[in-house]
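Residue numbers (our numbering): 3 to 83.
To start, the structure under review is shown below, and the notes come after it.
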């Protein structure tokens with residue numbers, strides 16, 4: 003779940019994952035078949051997250067926050083790159 007408004011969503015290229023970003027400074031990954039969240043929230047932004055997008059192969063998720071900072075995440079592990 004998100005605290006605050008959801009600002010952006012993106013589907014992985016294979017359609018199996020959905021990423022969502024919020025005013026709560028977090029990003030979440032979701033399993034589109036079950037509707038369940040995948041792992042823990044992706045945390046690390048210090049400002050609200052404005053946008054998310056997947057790499058063409060779906061292995062990396064980029065998130066962009068209100069202070070202009072991009073963060074990149076491994077979509078399998080949830081670890082920041």
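The beta-carbon is built from N, C-alpha and C at its ideal position, and this holds for glycine as well.
None of the values given here were measured: they were computed from a predicted structure.
Proximity below 9 Å, CB of residue i to CB of residue j
i	j	result
residue 55	residue 73	no
residue 57	residue 23	no
residue 79	residue 63	no
residue 60	residue 19	yes
residue 51	residue 28	yes
residue 33	residue 39	yes
Per DSSP, the bridge partner or partners of residue i
i	result
residue 33	19
residue 73	65
residue 39	32
Reduced DSSP secondary structure (H/G/I, E/B, other) of residue i
i	result
residue 50	coil
residue 78	coil
residue 55	strand
residue 10	strand
residue 26	coil
residue 83	coil
residue 60	coil
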